[in-house]
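2 protein chains.
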Amino acid sequence: MEKIQEQVEVKLEQDAAALEALNLRLSWVGRRWLQHDLDAHHLTVPQYMTLRCIQDSTEGCSMSELAESSHQVSATMTGIVDRLADRGLVARTPHPRDRRTLRVVLTPAGQQLMAEIHAAKRTLTRQVLSSLLVEERQAMIQTTRRYLEMMESILCSP
Amino acid sequence: MEKIQEQVEVKLEQDAAALEALNLRLSWVGRRWLQHDLDAHHLTVPQYMTLRCIQDSTEGCSMSELAESSHQVSATMTGIVDRLADRGLVARTPHPRDRRTLRVVLTPAGQQLMAEIHAAKRTLTRQVLSSLLVEERQAMIQTTRRYLEMMESILCSP
DNA sequence: TATTGTTATACTCTATAACTATA
DNA sequence: TATAGTTATAGAGTATAACAATA
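If you read the sequences in order, they're chains A and B. Counting in the working numbering, the final residue of the first sequence is number 217, and the numbers go up one at a time with none missing. Counting in the working numbering, the final residue of the second sequence is number 217, and the numbers go up one at a time with none missing.
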């Protein structure tokens with residue numbers, strides 16, 4: 060009985076090592092792949108992440124919110140938003156109540172660019188998913204979400 | 060019948076959008092998480108990827124191989140390997156037959172550092188995997204591998 | 001005093017173009 | 001001529017520390 064348990068442990072260790080190596084490479088290649096897509100629009104990955112964050116919000120984001128969302132210091136966000144603003148994709152608008160705070164919003168040009176990117180997006184995800192059963196798709200989404208939540212909690216805790 | 064097929068398509072589209080958003084965030088957070096781990100060893104993510112690539116090879120890598128593996132131009136690799144060599148973690152050794160080519164290898168210090176990082180690695184992957192059935196783990200590894208292969212093929216083709 | 005955001009600085013990564021040495 | 005690698009250059013992202021404005 061103990062021997063079987065031991066074998067299960069060994070197998071788990073192997074699976075963990077295999078998946079860890081795959082995820083490391085997936086994260087790296089995924090970024091290069093995204094950058095490859097964004098090149099056509101002269102956007103960088105951090106710039107795109109920032110636009111997504113603003114897009115997902117209802118009334119724009121403060122600089123602090125953008126920094127927190129991407130796990131970066133606010134000084135870094137200043138530079139990224141500067142370049143997006145220079146291109147007219149976002150605008151810094153004042154906060155109605157707190158004059159220290161800004162609301163960064165998408166301009167019409169920014170909204171249009173995001174729509175173009177969305178339309179041009181490759182169908183890699185759909186290709187993979189369409190070869191799975193509905194239950195498998197759900198399981199994959201659930202597992203990925205769990206992964207992400209664990210990572211974020213570890214990253215935010217200190 | 061057509062109506063059911065339509066619903067399946069809609070559902071697939073939703074699943075694809077959900078997983079795409081998750082993967083985008085996972086790729087970003089995964090990198091921050093890795094960087095957070097590497098900070099203790101004063102390594103950057105590109106430096107770590109380079110060390111991994113050398114470690115996985117049997118007789119060291121040429122500069123071209125390192126560049127190709129990370130989908131970067133060789134001029135970029137020159138800088139990364141310069142900094143690793145300055146710290147004594149890798150060494151440029153001559154190729155026995157072709158005097159144009161280098162073999163970048165891990166020094167003993169580099170091997171020791173990689174061993175330390177491996178030992179200190181968080182058990183996030185194992186935590187997630189241990190809550191899955193063996194069949195689910197295998198399915199997850201397979202799906203992740205398929206994803207990666209598709210990405211790499213798209214990235215390399217042009 | 002505490003918070004929001006920017007500026008100044010230094011370093012790494014990244015690509016392009018021009019270059020050297022070798023095949 | 002073609003290939004392997006480096007150098008020079010420019011720009012983007014990143015963190016730290018110091019700072020101004022506001023609460």
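No residue lacks a Cβ here, since even glycine has one placed at the ideal position from N, Cα and C. Being a predicted model, the structure only gives us computed values, none of them experimental.
query	result
Contact set between histidine 101(A) and chain B, taken where Cβ atoms lie within less than 7 Å	Within 7 Å Cβ-Cβ: nothing; histidine 101(A) doesn't reach chain B, min ~18 Å.
Partners in chain B for serine 86(A), counting only beta-carbon separations shorter than 7 Å	Ser86, Gly89, Arg90
Assigned exposure category for alanine 75(A) - 16 Cβ within 10 Å defines buried	buried
Inter-residue Cα distance where the pair is serine 212(B) and arginine 205(B)	11 Å
Short CB-CB distance (under 8 Å) between threonine 135(B) and chain A	no
Boundaries (first-last residue) of the beta strand (DSSP E) holding alanine 150(B)	149–153
Chain-ordered chain B contacts of leucine 143(A) [CB-CB under 8 Å]	Per Cβ cutoff of 8 Å: no residues; leucine 143(A) is ~17 Å from chain B at best.
Any 3 or more C-beta pairs closer than 8 Å across the region 116–126 of chain A and the region 101–111 of chain B	no
Proline 153(A) burial status per 10 Å Cβ neighbour count (16 or more: buried)	exposed
Valine 140(B) - containing alpha helix (DSSP H), residue span	133–145
Per DSSP, the bridge partner or partners of leucine 165(A)	Val149(A)
Cutoff 8 Å: valine 187(B) Cβ touching any chain A Cβ	yes
Inter-residue spacing [alpha-carbon to alpha-carbon] between methionine 9(A) and methionine 122(A)	Residue 9(A) cannot be examined here, being either before or after the span of chain A that is shown, 60 to 217.
Contacts around cysteine 120(B), its chain only, beta-carbon distance under 8 Å, and the 5 residues preceding and following it disregarded	Cys112, Ile113, Ser128, Arg162, Val163
Own chain, CB closer than 8 Å to proline 217(A), minus 5 neighbours either side, in chain order	Low local confidence applies: a pLDDT of 39 at proline 217(A) is under 50, so the model's placement there is unreliable, and no value is given.
Closer than 9 Å at the beta carbon, the chain A residues around glutamate 211(B)	Arg84, Val88, Trp92
8 Å Cβ cutoff, alanine 77(B) in contact with chain A	yes
Contact list for the region 172–203 of chain B against chain A, Cβ threshold 9 Å	Lys180, Arg181, Thr182, Leu183, Thr184, Arg185, Gln186, Val187, Leu188, Ser189, Ser190, Leu191, Val193, Glu195, Arg196, Gln197, Ala198, Met199, Ile200, Thr202, Thr203
Cβ distance (whole Å) where leucine 97(A) is taken to contact methionine 210(B) below 8 Å	With a Cβ gap of about 15 Å, leucine 97(A) and methionine 210(B) do not count as contacting.
DSSP beta-bridge partners of cysteine 112(A)	Looking at the DSSP assignment, cysteine 112(A) forms no beta bridge with any residue, so it has no partner.
Straight-line Cα distance separating leucine 83(A) from histidine 95(B)	14 Å
Closer than 8 Å to chain B by CB, arginine 205(A)	yes
Distance CB(leucine 78(B))-CB(serine 189(A)) smaller than 8 Å	no
Distance, arginine 185(B) Cα to valine 67(A) Cα	13 Å
Which of helix, strand or coil DSSP assigns to glutamine 197(A)	helix
Cutoff 8 Å; reference valine 104(A); Cβ partners in own chain excluding five residues on either side	Arg90, Leu93, Gln94, Leu97
Contacts that aspartate 74(A) makes with chain B (C-beta to C-beta distance below 7 Å)	Leu188, Arg196, Ile200
Closest residue to alanine 144(A) among His130(A), Gln73(A), Pro167(A), Gln131(A) (Cα-Cα distance)	Pro167(A)
Whether serine 86(A) touches serine 86(B) by CB criterion (8 Å)	yes
When Glu194(A), Val187(A), Arg142(A) are compared against threonine 203(B), the one with the closest alpha-carbon	Val187(A)
Interface residues of chain B facing histidine 130(A) [CB-CB closer than 8 Å]	Val88, Arg91
Beta carbon proximity, leucine 165(A) to chain B, threshold 8 Å	no
Glutamate 79(B) in three-state terms, based on DSSP	helix
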